[in-house]
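Chemist: The structure is given below, and queries will be raised subsequently.
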Amino acid sequence: MKRSKARTVLVFALVAGLLSSASAVSGARPEGSHPVVPRQDRERRPALARIQGVLTVVSGDPRPGNPFPPVETIFLRRASGVEIELIFEPEQLAALGGTWQLDGRAVEVVIEPTEGAIAKSAARMPAQVRSARLLRDSTFDKAAVTAKAVTGAQPWVSILCKFSDVSGEPKPLSFFQGMYASTYPGLDHYWRQLSYDTANVSGSMAVAWVTLPYPVSHYESTSSDRLSDMAIDCTAAADHLVYFPDFVGINMMFNDTFGPYAWGGSRYMTLDGQTKRYRVTWEPPWGYQNIGVIAHEMGHGFGLPHSNNADGDADPYDNPWDVMSNSWGYALSHSTYGTVGKGTIGYHADILGWIPPSQKLDVNSAGIYTATVDNLELPSTANLRLINVQIPDSSMHYTVEVRDLVSYDAKLPGFAVVIHEVYPGRKEDAWLVDVENPANGADAGAMWLPGECFEDEPNEIEICVQSLTTEGYVVRVSYGDTGVIFLDGLEEGSTASWSSTVP
Numbered sequence: 091m092k093r094s095k096a097r098t099v100l101v102f103a104l105v106a107g108l109l110s111s112a113s114a115v116s117g118a119r120p121e122g123s124h125p126v127v128p129r130q131d132r133e134r135r136p137a138l139a140r141i142q143g144v145l146t147v148v149s150g151d152p153r154p155g156n157p158f159p160p161v162e163t164i165f166l167r168r169a170s171g172v173e174i175e176l177i178f179e180p181e182q183l184a185a186l187g188g189t190w191q192l193d194g195r196a197v198e199v200v201i202e203p204t205e206g207a208i209a210k211s212a213a214r215m216p217a218q219v220r221s222a223r224l225l226r227d228s229t230f231d232k233a234a235v236t237a238k239a240v241t242g243a244q245p246w247v248s249i250l251c252k253f254s255d256v257s258g259e260p261k262p263l264s265f266f267q268g269m270y271a272s273t274y275p276g277l278d279h280y281w282r283q284l285s286y287d288t289a290n291v292s293g294s295m296a297v298a299w300v301t302l303p304y305p306v307s308h309y310e311s312t313s314s315d316r317l318s319d320m321a322i323d324c325t326a327a328a329d330h331l332v333y334f335p336d337f338v339g340i341n342m343m344f345n346d347t348f349g350p351y352a353w354g355g356s357r358y359m360t361l362d363g364q365t366k367r368y369r370v371t372w373e374p375p376w377g378y379q380n381i382g383v384i385a386h387e388m389g390h391g392f393g394l395p396h397s398n399n400a401d402g403d404a405d406p407y408d409n410p411w412d413v414m415s416n417s418w419g420y421a422l423s424h425s426t427y428g429t430v431g432k433g434t435i436g437y438h439a440d441i442l443g444w445i446p447p448s449q450k451l452d453v454n455s456a457g458i459y460t461a462t463v464d465n466l467e468l469p470s471t472a473n474l475r476l477i478n479v480q481i482p483d484s485s486m487h488y489t490v491e492v493r494d495l496v497s498y499d500a501k502l503p504g505f506a507v508v509i510h511e512v513y514p515g516r517k518e519d520a521w522l523v524d525v526e527n528p529a530n531g532a533d534a535g536a537m538w539l540p541g542e543c544f545e546d547e548p549n550e551i552e553i554c555v556q557s558l559t560t561e562g563y564v565v566r567v568s569y570g571d572t573g574v575i576f577l578d579g580l581e582e583g584s585t586a587s588w589s590s591t592v593p
């Protein structure tokens with residue numbers, strides 16, 4: 091039996107430390123005075139530009155074993171149609187709510203423009219952001235400043251693009267058409283299952299192989315600077331086969347690798363005379379040969395970030411409970427479509443609007459709350475699917491969900507209650523709580539069973555699993571000074587229930 095005591099992640103202290111360090115470097119000056127800037131320094135300072143537009147985000151995900159780190163790239167599209175890649179500092183992103191919270195949001199930024207960054211064509215060099223603010227009423231795209239809810243039909247089209255110097259067609263058209271099937275493991279079946287039939291990809295289709303105007307070397311890159319070229323050329327080559335405005339998303343399937351990544355996110359494109367924001371993926375052969383990779387990249391297209399475990403490294407692919415993290419491990423396999431996507435976590439299902447208020451409990455005031463929580467893969471339930479526990483005086487919270495070895499989750503580590511700490515301001519919003527070995531995520535420390543309690547003593551939060559039910563567990567949450575939590579066993583002379591410390 092484990093009983094743990096949590097230490098709240100010191101995110102705010104870290105940001106404060108960064109800011110205070112910056113102040114120390116810049117030096118203080120007497121109150122009311124103005125800095126004296128030598129003429130030569132003023133002349134060397136870069137010109138600043140204030141611009142407005144809508145942000146889109148794409149993520150580059152390497153194949154397992156590839157030494158390249160994951161990449162997240164943010165683009166700003168101006169009203170003129172010019173697209174600029176932006177570089178934000180981590181503390182700027184945290185202040186704005188986090189990278190993926192910005193996807194589709196209208197902003198005003200002050201940048202240090204590089205050559206061509208505010209010209210009439212797309213910039214190759216990114217621009218450093220000096221400051222940024224969200225715009226509540228965008229004149230560019232009011233529809234972009236909406237909730238992330240994904241409901242109803244979400245049709246995608248797969249376009250199959252061959253580089254001019256690579257003639258091979260790794261998979262036939264029938265393979266890509268079958269990928270959208272409404273039976274296991276087709277993507278329509280998959281997204282219906284994860285969303286409780288709230289969302290689907292009905293109406294999706296694939297079209298025949300077409301040829302790009304350039305060889306693979308023209309597009310090959312370890313960064314995002316060729317993504318626009320690939321998207322423009324691939325959609326143009328397939329334009330005679332597709333009326334793009336009929337679709338919300340475009341899966342671009344290429345017949346060779348074009349760098350170390352598969353990519354997913356959203357981009358503005360002008361196709362068939364209409365400009366709109368598309369959900370987009372760029373897939374190498376190793377991507378579409380594993381339908382779990384397609385599910386991961388489409389998840390980015392729907393606006394989902396990675397999740398993570400809590401080991402503190404830079405690897406966002408080590409949470410075994412989430413297709414948006416470790417999509418390769420603890421997953422089913424299929425003879426035709428390779429590694430199959432597992433489910434996603436409750437936090438993601440919630441932000442996409444798939445969990446109705448009647449199936450979740452938001453705990454943010456003192457008291458003791460007891461509820462039956464059913465497993466996330468259950469198609470329907472009269473009980474809860476998710477508990478959100480607010481961490482006082484912060485934008486952070488814990489999520490409590492149940493995962494079972496059923497459906498797309500059949501190969502998960504176990505049937506248990508799973509807890510995540512969520513902070514939208516960091517790179518991966520949700521971190522798995524594992525009190526034994528945070529780098530593992532598949533051990534007993536991440537799976538909460540009857541008789542076990544997670545404690546965040548500084549914030550007076552206790553989450554206890556009380557009993558097993560047919561489809562889940564009964565969970566009790568004690569919040570605030572209730573007078574009955576945080577007993578450490580000393581009252582009865584027992585050492586069996588002493589608290590340990592969450593790393």
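Those letters in the sequence shown? Residues 91 to 593, by the working numbering.
Glycine included, each C-beta is placed from N, C-alpha and C at the ideal position.
(1) Could you check where the alpha helix (DSSP H) with Q244 kicks off and where it finishes?
(2) Rounded to the nearest angstrom, what separates S568 and Y286 at their Cα positions?
(3) Quick check: the segment 158-168 against the segment 493-502, are there 3 or more CB pairs under 8 Å?
(4) Can you grab the Cα-Cα spacing for the pair H386 / H424, in whole Å?
(5) Can you tell me the Cβ-Cβ gap for R195 and V144, rounded? I've got them flagged as a contact below 8 Å.
(6) Just to confirm my understanding: we take D445, look at its own chain, exclude 5 residues before and 5 after, and list those with CB closer than 6 Å. What are they?
(7) I need the straight-line Cα distance from E518 to P152, nearest angstrom please.
(8) Tell me where the alpha helix (DSSP H) around D440 begins and ends.
(9) Tell me where the beta strand (DSSP E) around W281 begins and ends.
(10) Does DSSP classify L474 as helix, strand or coil?
(11) Let's test the definition: count the other Cβ atoms within 10 Å of the Cβ of T434 and tell me whether it reaches 16, buried, or not, exposed.
(12) So, with DSSP's three-state summary, where would you put V383?
(13) Which term fits Y427, buried or exposed, when burial requires 16 or more other beta carbons within 10 angstroms of its beta carbon?
(14) So, at 8 Å on beta carbons, what are the nonlocal neighbours of P245 in its own chain, with the 5 sequence-adjacent residues on each side left out?
(15) Quick check on DSSP: helix, strand or coil for E467?
(16) Excluding sequence positions up to five away, which residues of its chain have a Cβ less than 6 Å from the Cβ of W353?
(17) For P154, tell me which candidate among Q142, G268, A326 and G382 has the shortest Cα-Cα distance.
(18) Please identify the residue among E181, H308, F392 and F266 whose C-alpha is closest to the C-alpha of M342.
(19) Helix, strand or coil: how does DSSP classify V492 here?
(20) Hey, quick one: how far does the alpha helix (DSSP H) through A326 stretch, first residue to last?
(21) Buried or exposed: G355, going by 16 or more other Cβ atoms within 10 Å of its Cβ?
Modeler: In this structure, then:
(1) Within the sequence shown, residue 244 is the residue found at index 154, counting from 1. Counting along the chain, Q244 falls outside any alpha helix (DSSP H), and DSSP gives it neither H nor E.
(2) Taking the sequence shown and counting its residues from 1, the one referred to as residue 568 is at position 478. Taking the sequence shown and counting its residues from 1, the one referred to as residue 286 is at position 196. Taking the straight line from one Cα to the other gives about 29 Å.
(3) no
(4) Position 296 of the sequence shown, counted from the first residue, corresponds to residue 386. Position 334 of the sequence shown, counted from the first residue, corresponds to residue 424. Those two C-alpha atoms are separated by around 16 Å.
(5) As a first step, residue 195 is located in the sequence shown; it is residue number 105 there, counting from the start. As a first step, residue 144 is located in the sequence shown; it is residue number 54 there, counting from the start. Going by Cβ atoms, the distance from R195 to V144 rounds to 7 Å, so yes, they are a contact pair.
(6) Residue mapping note: residue 445 aligns to position 355 of the sequence shown, counting from 1. In the sequence on display, residue 445 carries Ile and not Asp. So the list reads A439, R475 and L476, once near-sequence residues are dropped.
(7) Counting from 1 along the sequence shown, the entry for residue 518 is found at position 428. Counting from 1 along the sequence shown, the entry for residue 152 is found at position 62. Between E518 and P152, the C-alpha separation is close to 17 Å.
(8) Against the sequence shown, residue 440 aligns to sequence position 350. Segment G436 to I441, the alpha helix (DSSP H) holding D440.
(9) Against the sequence shown, residue 281 aligns to sequence position 191. Note, W281: premise wrong, no beta strand (DSSP E); alpha helix (DSSP H) at L277 to S285.
(10) Numbered from 1 along the sequence shown, position 384 holds the residue referred to as residue 474. Strand, per DSSP.
(11) On the sequence shown, position 344 is the one that residue 434 refers to. With 16 or more other Cβ atoms within 10 Å, it is buried.
(12) One-based indexing of the sequence shown puts residue 383 at position 293. It is helical.
(13) Indexing the sequence shown from 1 puts residue 427 at position 337. Y427 should be labelled buried.
(14) Here residue 245 is taken as the residue at index 155 of the sequence shown, counted from 1. These residues qualify, in order along the chain: V291, S292, G293, S294, M295, D336, F337, V338 and G339.
(15) To locate residue 467, count along the sequence shown from 1; it is residue 377. Note: E467 maps to coil in three-state DSSP.
(16) In the sequence shown, counting from the first residue as 1, residue 353 sits at position 263. Here the set comprises V148, G150 and W372.
(17) Residue numbering aside, residue 154 sits at position 64 when the sequence shown is read from its first letter. It is G382.
(18) Sequence index remark: in the sequence shown, residue 342 carries index 252 (1-based). Residue F266 is the option with its Cα nearest to M342.
(19) Reading the sequence shown from its first residue, position 402 is the one you call residue 492. Reduced to three states, the DSSP call for V492 is strand.
(20) The residue you call residue 326 lines up with position 236 of the sequence shown. Looking at the DSSP string, the run of the alpha helix (DSSP H) that includes A326 is L317 to A327.
(21) Translated into positions along the sequence shown, residue 355 becomes position 265. G355 comes out buried.
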